[in-house]
């Protein structure tokens, strides 16, 4: 049955667990939304396996992905992070994480929560796709382009349409499990509980 799953998820145990338990399932908790935003930003140009392998270390290094703490990181903290082998040591991405924490908290203040802001783009109804293979899944969509532009206007960095679309997939705004994947139907059923 594993050969029916999304092809990217069969390369490692971490990917399989992430695929089966998180990817494509609706995520509403602001803490987890911010975590996924950081991870997707860090992933730009890298493999998802690399991010999953460093996820626990990044969670520790970035103060449990707490935006209230991260927004106050100073140059000394950023330099310490850049010498930490547990994380993705890209200065632009680390600095983007700090500025994105501030932008995230501004959205929370304005909308009451980040989930109220981000999920409004799909009217709190995940997009269900019918891709037969992963090559049928787009890298981004016009909606991802719009969200990317809106997030940039709100002060987010390192948040292009490809990163936004990966974020949308990771939080279940879009269910891009291929239709032969047994998780496609599970994610679809999980989405019905939003309304």
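Residue numbers (my numbering): 26 to 220.
Yeah, the Cβ is synthetic: ideal placement off N, Cα and C, and Gly gets one too.
A quick note: this is a predicted structure, and the numbers were derived from the prediction, not measured.
Looking at the unbroken alpha helix (DSSP H) that takes in residue 36, where does it start and where does it end?
That residue, residue 36, is in no alpha helix (DSSP H); it is neither H nor E in DSSP.
- Can you grab the Cα-Cα spacing for the pair residue 30 / residue 115, in whole Å? Taking the straight line from one Cα to the other gives about 32 angstroms.
*If you count every other CB in all the chains shown that lies within 10 Å of the CB of residue 122, and 16 or more means buried, which is it?*
buried
Self-check item: Between the CA atoms of residue 129 and residue 66 - distance to the nearest angstrom
Solution: 13 angstroms
**Prompt:** Hey, is the segment 195-204 in contact with the segment 151-159, meaning 3+ C-beta pairs nearer than 8 angstroms?
**Reply:** With the cut-off at 8 angstroms, the segment 195-204 and the segment 151-159 touch.
Let me know if residue 27 comes out buried or exposed under the rule of 16 or more other beta-carbons within 10 Å of its beta-carbon. Model confidence at residue 27 stands at a pLDDT of 47, short of 50, so the residue's coordinates are unreliable and nothing is read from them.
message = Within 10 Å of its beta-carbon, does residue 194 have 16 or more other beta-carbons around it, so buried, or fewer, so exposed?
response = buried
Where do the ends of the alpha helix (DSSP H) carrying residue 80 lie? 73-86
query = Can we say the segment 51-62 touches the segment 132-144, given the rule of at least three CB pairs closer than 8 angstroms?
reply = yes
query: Buried or exposed: which applies to residue 136, given that a residue is buried once 16 or more other Cβ atoms fall within 10 Å of its Cβ?
result: It counts as exposed.
Indicate whether at least one CB of chain B lies closer than 8 angstroms to the CB of residue 125.
The structure shown contains no chain B, having only a single protein chain.
> How long is the line joining the alpha carbons of residue 51 and residue 212, rounded to whole angstroms?
Replying inline: Roughly 8 angstroms between the two C-alpha positions.
Would you call residue 104 buried or exposed, if buried means 16 or more other Cβ atoms sit within 10 Å of its Cβ? exposed
- Query: Touch check for the segment 160-168 and the segment 38-54: three-plus C-beta pairs under 8 angstroms?
  - Reply: no
Excluding sequence positions up to five away, which residues of its chain have a Cβ less than 6 angstroms from the Cβ of residue 83?
If you ignore the 5 residues before and after residue 83, its C-beta comes within less than 6 angstroms of the C-beta of 112, all in its own chain and listed in chain order.
**Report entry** Own chain partners of residue 172 with C-beta closer than 7 angstroms, once the 5 adjacent residues on each side are dropped
**Finding:** 146, 189
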